[in-house]
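Report on the following structure.
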Amino acid sequence: MSTVVCPGSFDPLTYGHVDIVRRAAQLFDNVIVCVAHNPNKQGFFTVVERLEILQEEFSDIPNVTSDSFAGLLVDYCTNVEACAVVKGIRSNQDYEYELPMAHVNKQLSGIDTIFLPTSPELSFISSSVVKEVVRFGGDASGLVPPIVLKKLLKRL
Ligand code: PNS
């Protein structure tokens, strides 16, 4: 059984993330979408809220589960016996940001990182852009799933 971890802040989950998770679920037996808990960073949504969103969004895919972790990603991956980390890559910038992390994770634990190119039509979406659009009253319905939009609008 191949288990992979899709880690991230998911603050909030976007259609770009959804694309990567759904495609990973077609490639691997189990996909754990894992929210990184960063105690030094005040998130827009709490980790619990982000987990609620993940659970609802992926409830139709039996081999996708959600979880959270604090500390090193590789320790979490070892605990769940993951064979790889899966990350979406939207651009060269993403690649340059992700590559050193993939190398560190490999060096620390031997785990490989698999980069999936984000579908081109979604590659401009980021969680920060979503928050900005919503903050200034723009329509984010093409950027995030309905459950996220509902929670964003409620919060603002
Ligand atoms: O969605 P993001 O913010 O790009 O996700 C980055 C994340 C959370 C996956 C990455 O920062 C991470 O793995 N953090 C946990 C600490 C860790 O293991 N860092 C890598 C070695 S420096």
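Each residue of the sequence shown is one higher than the last, beginning at 1264 in this note's numbering.
Think of the CB as a built atom: it goes at the ideal place given N, C-alpha and C, for glycine as much as any other residue.
Restricting attention to Val1294, Cys1346, Ser1265 and Phe1332, the CA atom closest to the CA of asparagine 1301 is found in Phe1332. By the Cβ test, the region 1351 to 1363 is not in contact with the region 1306 to 1318, since fewer than three Cβ pairs between them sit closer than 8 Å.
For the ligand PNS, a non-hydrogen atom lies closer than 7 Å to the CB of asparagine 1368. Phenylalanine 1307 is not a Cβ neighbour of aspartate 1330, given a cutoff of 8 Å.
A check of alpha carbon separations from glutamate 1361 across Pro1380, Cys1346, Thr1341 and Glu1344 identifies Pro1380 as the nearest. Judged by DSSP in its simplified three-state form, isoleucine 1316 adopts helix. The three-state reading of DSSP puts threonine 1376 in strand, counting E and B together. Looking from the CA of serine 1272, the closest CA among Arg1285, Val1296, Ser1265 and Phe1291 belongs to Val1296. When DSSP reads this structure, alanine 1299 sits in a beta bridge with Phe1332.
In this model, aspartate 1292 and threonine 1341 are separated by some 17 Å (Cα to Cα). Assignment of proline 1270 by DSSP, reduced to helix, strand and coil, places it in the strand class.
Boundaries cannot be given for glycine 1400, as no alpha helix (DSSP H) includes it and DSSP labels it neither H nor E.
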